[in-house]
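Using this note's numbering, the first residue of the sequence shown is number 159, and each one after it goes up by one.
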Amino acid sequence: MTAKKRGIWVFGDYRNYFQNRVTLQLLSRAKELAVKINAEVCAVVFGYKTDEWKGDVLSYNPTFCGVVGEYIAHGADKVYLADHPRLAAYSMETYTLLMERLVKREKPEIILIGATAFGREFAPRVAKRLGTGLTADCIGLDINEEGLLVQMAPSFGGNLVAEIVTLERRPQMATVRPGTFQEIPHDYVRTGEVVKVPLPKTLPADRVRLVRSEHHPQREQKLEDAKVVVCGGRGLGSKKKFAKLFELAELLGGEVGATRPVVYADWADHDALVGQAGKHVRPQILFSFGISGAIQHTAACNDAKFIIAVNKNPNAAMMKRADVAIVADASQICTTLIQELKRRIR
Ligand SMILES: Cc1cc2nc3c(=O)[nH]c(=O)nc-3n(C[C@H](O)[C@H](O)[C@H](O)COP(=O)(O)OP(=O)(O)OC[C@H]3O[C@@H](n4cnc5c(N)ncnc54)[C@H](O)[C@@H]3O)c2cc1C
159 MTAKKRGIWV FGDYRNYFQN RVTLQLLSRA KELAVKINAE VCAVVFGYKT DEWKGDVLSY
219 NPTFCGVVGE YIAHGADKVY LADHPRLAAY SMETYTLLME RLVKREKPEI ILIGATAFGR
279 EFAPRVAKRL GTGLTADCIG LDINEEGLLV QMAPSFGGNL VAEIVTLERR PQMATVRPGT
339 FQEIPHDYVR TGEVVKVPLP KTLPADRVRL VRSEHHPQRE QKLEDAKVVV CGGRGLGSKK
399 KFAKLFELAE LLGGEVGATR PVVYADWADH DALVGQAGKH VRPQILFSFG ISGAIQHTAA
459 CNDAKFIIAV NKNPNAAMMK RADVAIVADA SQICTTLIQE LKRRIR
């Protein structure tokens, strides 16, 4: 009899699919890690009518309209599927119980969960129930010589990246920032196994009930996936001046990012935060207006292909990293760019 393959599990967080690709990014990395420890990649899907799922709003691929097919096409060898009306909306108690039971039965080696609002609530609860460790908000994953998962996470205010391994407890668990890894393209001919997961006879009573949910289509493109990112910092001087970045981003077909002081000052939503506590971006072009370039911010910009920085201070760290460094007033350059782009479009 052949020994059961070890499992690298990725929890399928498919809500807001077009804004949240982290599950696909994790499947891609899991595939690479699986080669190193001869494991199989499994996705775990909890939901209702998952075979009718069409990516929330668009059905862009008739072959894979279900979320299960989508995960197989993106690298899962096996999908554990629990499909039941009680799972239609995320219920913390039910999802945690189900995951705990499944993990205890199947004993995966590694579990990866996206560090989304959902994942940040769900993963620690599951880890606690299983009595294992969890590294939150990882920015890198690898396998070491002993075959252990190396979980890379910022520490000491982002000045260091700690490499954490879970020596004894199992599974090894990590949440990973969206945008850390790149998804692999669909493979339309891939096949995989689907294992149906039954619900226990008695389920915990939900302490929270979903009354209503609304889809916010205004952010169709995600900051993490944008080809152009226009990022602004405190040097822009005011909310009004910061707002100009949205106009510039629209003209460039890009997205707006922000530093922490800007988010704290309520010039931008938390969604726009770029950095250790926010999102990782990897654009072709990154504009940086009035940003000093603190490590907690730039750590999430390392994958930008080309950086254009505007700062009054030529010695600002961001200026040293930039491919083009413009010593000038940030707001003025932003306004000039908008005018010039509009003139060219006309
Ligand atoms: C645990 C921890 C986590 C953190 N996480 C994050 C994170 O995720 N993201 C993040 O961004 N920060 C984060 N920070 C904060 C980070 O350390 C910096 O404080 C922050 O990035 C600085 O933002 P800033 O560049 O907008 O502001 P500042 O550092 O104040 O820089 C403003 C810049 O604007 C320039 N300037 C001023 N006036 C003008 C002008 N008129 N025109 C052009 N340039 C001008 C200045 O020369 C300066 O370089 C974190 C900090 C900690 C401790």
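Every residue, glycine too, gets a C-beta built ideally from N, C-alpha and C.
- Message: Quick check: the Cα distance between S446 and E264, rounded to an integer number of angstroms?
- Response: 47 Å
- Task: Could you check which residue in K286, A294, R173 and D300 has the C-alpha nearest to that of K189?
- Result: D300
- Any heavy atom of ligand 1 within a distance shorter than 8 Å of the CB on I449? yes
- Task: Count the other C-beta atoms from every protein chain shown that fall within 10 angstroms of the C-beta of N460, then say buried if there are 16 or more, exposed otherwise.
- Result: exposed
- Flag this pair as yes or no: are the beta carbons of A444 and F464 separated by less than 9 Å? Inspection of the sequence shows that residue 444 is occupied by Leu rather than by Ala. A contact, by the Cβ cut-off of 9 Å.
- Message: Quick check on A474: buried or exposed, where buried means 16 or more other Cβ atoms within 10 Å of its Cβ?
- Response: buried
- Query: Around the C-beta of P220, are 16 or more other C-beta atoms found within 10 angstroms, so that it is buried, or is it exposed?
  - Reply: Caution applies to P220, whose pLDDT of 38 falls short of 50 and renders its modelled position unreliable; the model cannot decide the point.
- Message: Between which residues of its own chain and E378 is the CB-CB distance below 6 Å, once the five residues before and five after are set aside?
- Response: In this predicted model, E378 has a pLDDT of only 49, less than 50, meaning its place in the structure is not dependable; the value taken from the coordinates is given anyway. Same-chain partners within the cutoff: there are none.
- Task: Report whether the distance from the Cβ of H428 to the nearest heavy atom of ligand 3 is below 8 Å.
- Result: As presented, the structure is devoid of ligand 3, carrying ligand 1 as its sole ligands.
- Query: Where does G227 sit, in a helix, a strand or coil, going by DSSP?
  - Reply: helix
- Message: What does the alpha-carbon distance come out to for the pair G289 and K359?
- Response: 24 Å
- Message: Rounded to whole angstroms, what is the Cα-Cα separation between A197 and T456?
- Response: Taking the straight line joining both Cα atoms gives about 34 Å.
- Message: Here's the rule I'm using: 16 or more other beta-carbon atoms within 10 Å means buried, otherwise exposed. How should S313 be labelled?
- Response: exposed
- Query: Curious, which full-length beta strand (DSSP E) runs of at least 3 residues does the segment 287-340 contain?
  - Reply: 292-296, 298-301, 307-313, 318-322 and 330-334
- Query: D241 by DSSP, collapsed to three states: which one?
  - Reply: For D241, the three-state secondary structure derived from DSSP is strand.
- Message: Could you pull the DSSP bridge partners for A197 from this structure?
- Response: R164
- Taking C-alpha atoms, which residue in H232, T208, K397 and V203 lies nearest to M257? V203
- Message: Let me check understanding here. Comparing Cα to Cα, which of T493, I503, L239 and R502 lies closest to K156?
- Response: Outside the modelled stretch of the chain, which goes from 159 to 504, sits residue 156, for which no answer is possible.
- Task: Excluding the 5 residues preceding and the 5 following A201 in the sequence, name in chain order all residues of the same chain whose CB lies nearer than 6 Å to its CB.
- Result: V168, G170, Y229, A234 and V237
- Query: I think Q340 touches Q183, with their Cβ atoms under 8 Å apart; what is that distance to the nearest whole Å?
  - Reply: 6 Å
- Message: Comparing C-alpha positions only, which one of E382, V284 and V180 sits nearest to L431?
- Response: E382
- For P419, which residues from the same chain have a beta carbon less than 8 Å from its beta carbon, with the 5 sequence-adjacent residues on both sides left out? G391 and R392
- Task: Using three-state DSSP, classify K354 as helix, strand or coil.
- Result: strand
- Query: Does the segment 334-352 come close enough to the segment 271-288 to have 3 or more Cβ pairs within less than 8 Å?
  - Reply: These segments touch.
- Query: Regarding T494 and ligand 1, is the C-beta to nearest heavy atom distance less than 8 Å?
  - Reply: no
- Message: Distance check for G350 and E326, CA to CA, integer angstroms please.
- Response: Cα to Cα, the separation comes out at about 31 Å.
- Per DSSP, what kind of secondary structure is P236 in: helix, strand or coil? The residue asked about is misnamed: residue 236 is Lys in this sequence, not Pro. DSSP places K236 in strand when its eight states are reduced to three.
- Item | Close Cβ partners of Q434 (< 7 Å) along its chain, the five nearest in sequence each way excluded | Only P312, G316, Q454, A457 and A458 meet the Cβ criterion.
- Item | ligand 1 heavy atom lying under 8 Å from the CB of S489 | yes
- Message: Tell me the DSSP secondary structure of S396 in three-state form.
- Response: coil
- Under the criterion of a Cβ to heavy atom distance below 8 Å, does K402 qualify as lining ligand 1? no
- Message: Pop quiz: R283 and M250 are said to be a contact at Cβ under 8 Å. What is the actual Cβ separation, rounded to whole angstroms?
- Response: 7 Å
- Task: Compute the minimum distance between the beta carbon of Q434 and the heavy atoms of ligand 1, and state whether it is under 8 Å.
- Result: yes
- Query: Would you say R479 touches ligand 1, meaning its beta carbon is less than 8 Å from a heavy atom?
  - Reply: no
- Task: Identify every residue that forms a DSSP beta bridge with N469.
- Result: Answer is V485.
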